[in-house]
Amino acid sequence: MGFFSTVFQVCSGTTVFIQLMERRFLRALFHFFLLVILLALILATAHSCIYVPSIRNICNNLFEQIGGLRFSNVEGVRTVKTPLEKKSYLLNDRLRFDYCPGDTLKEEEIQKWSTPFGVLCLDRGFLFWAENYADTGKGKFLVIPMAMDFRQAREETFQSGLSGKELREYAESRFTLKKGQTLSLPERVESATGLSDQLIVALWLVIFSGSFLGMFGLGFLMIFFFGVMQHFWSGLDERKLTFSQILVVLIYTSFPPMLIAALYSFFMIPVLSPQMMFFIAFFIYYIAVFRKIRNSLNPPRDPDTNDYF
């Protein structure tokens, strides 16, 4: 069976696993890798397309106010309209945009932010931030830097758990253009269309990388954990699978749960994440698959049958 035929068969029932347990481990791993890439491509394309109208609308509205963004070696990032004037815009109920030339960003203003996400436009580039409720609680920030200078961009890394004061200090020390400094970047004026295109591509890359790493990492962890557990549980069976065969079966067992979790990501409810949906579906299908295999290898004996010698 080829890749697509295998995916269809494992989603159609558990009988096919009697054949699949004889498949080579590397081939099963290759199929797992292909499915993860395919689903990551689909999720990135579909989810980013959902946000395209919103991104374009926000960029158009913002650029009507600021006139555009000018990128200069000497001044850095500047708005076309009133470039030296500090500006703040509430783009929607979840996203804000703050333009802070020089050292005009203040800690007390950060403490007043009321949206969960935002963009800081500074001399040397942009800081995309999110209030980091999950790890450190309200008032702490996850920051993704985007430096316009090619040399600086290689050095910047994600920042997590920053307080308002630490965020201001980080922005001032890393993204404020000091007197006499210059940037290594092509000079241009960015339009709303150009910026929205870049944001859509960036969103696609973020969703693709997050989906790929999430599915591959969670799938690998579940397969290995349940593989070790199943290997010990089946130790007393008269006929049992080798550890390699168990991993092969578990790899293909993960296919339907991955498809279910990917589809669920478009309709999910807040109390149940796609990762939890994958775990629930995987556990249920795991029980069904290995019950089928166990009954095939070690069929239950008829209690009315006796052996005489």
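Residues 245 to 553 in this note's numbering are what the sequence shown lists, from first letter to last. Heads up, the beta-carbon is just placed ideally off N, CA and C, and yes, glycines get one too.
### Query
When the Cα atoms are used, what is the spatial distance from Phe252 to Ile388?
In the sequence shown, counting from the first residue as 1, residue 252 sits at position 8. In the sequence shown, counting from the first residue as 1, residue 388 sits at position 144. In this structure, the straight-line span from the alpha carbon of Phe252 to that of Ile388 is close to 40 Å.
### Residue range of the alpha helix (DSSP H) that includes Met459
Counting from one through the sequence shown, the residue named residue 459 turns up at place 215. Run containing Met459: Ala436 to Trp477, per the alpha helix (DSSP H) assignment.
### Task
Pull up the distance between the alpha-carbon of Ser256 and that of Ser435, whole angstroms please.
Here the question's residue 256 lines up with position 12 in the sequence shown. Here the question's residue 435 lines up with position 191 in the sequence shown. Rounded to whole angstroms, Ser256 to Ser435 spans 50 Å at the Cα level.
### Task
Using the Cα positions of Val254 and Leu411, report the straight-line distance between them to the nearest angstrom.
Looking up residue 254 in the sequence shown gives position 10. Looking up residue 411 in the sequence shown gives position 167. Taking the straight line joining both Cα atoms gives about 49 Å.
### Query
Using the C-alpha atoms, what's the distance from Ile444 back to Ser407?
As a first step, residue 407 is located in the sequence shown; it is residue number 163 there, counting from the start. As a first step, residue 444 is located in the sequence shown; it is residue number 200 there, counting from the start. Roughly 29 Å between the two C-alpha positions.
### Beta-carbon gap between Phe522 and Pro500 smaller than 7 Å
Reading the sequence shown from its first residue, position 278 is the one you call residue 522. Reading the sequence shown from its first residue, position 256 is the one you call residue 500. For the 7 Å CB-CB criterion, Phe522 and Pro500 do not form a contact.
### Query
Looking only at C-alpha atoms, which of Leu366, Ala397, Gly246 and Leu485 sits nearest to Leu344?
In the sequence shown, counting from the first residue as 1, residue 344 sits at position 100. The question names Leu, but residue 344 in the sequence shown is Cys. Closest option to Cys344, Cα to Cα, is Leu366.
### Message
Does the stretch 459-479 come into contact with the stretch 294-305, if we say contact requires no fewer than three beta-carbon pairs (one atom in each stretch) closer than 8 Å?
### Response
Segments in contact, no.
### Query
Near Glu351, what residues of its chain come up, given a Cβ to Cβ distance below 6 Å and the 5 sequence neighbours on each side ignored?
In the sequence shown, the residue the question calls residue 351 occupies position 107. Only Gly408, Lys409 and Arg412 meet the Cβ criterion.
#### Entry: Exposed unless 16 or more other CB atoms sit within 10 angstroms - verdict on Pro297
Indexing the sequence shown from 1 puts residue 297 at position 53. Sixteen is the threshold: since fewer than 16 other Cβ atoms of the shown chains lie within 10 Å of the Cβ of Pro297, the residue is exposed.
### Task
Please confirm whether Ala374 and Phe361 have their CB atoms less than 7 Å apart.
Within the sequence shown, numbered from 1, the residue matching residue 374 stands at position 130. Within the sequence shown, numbered from 1, the residue matching residue 361 stands at position 117. Closer than 7 Å, so yes.
### Query
Who pairs with Ser332 in a beta bridge, going by DSSP?
Here the question's residue 332 lines up with position 88 in the sequence shown. In the DSSP output, where bridge partners are listed per residue, Ser332 has Asp342.
### Message
Checking 7 Å against the spacing of the C-beta atoms, do Asp342 and Ser358 come in under that value?
### Response
Position 98 of the sequence shown, counted from the start, is the residue given in the question as residue 342. Position 114 of the sequence shown, counted from the start, is the residue given in the question as residue 358. No, Cβ-Cβ distance for Asp342 and Ser358 is not below 7 Å.
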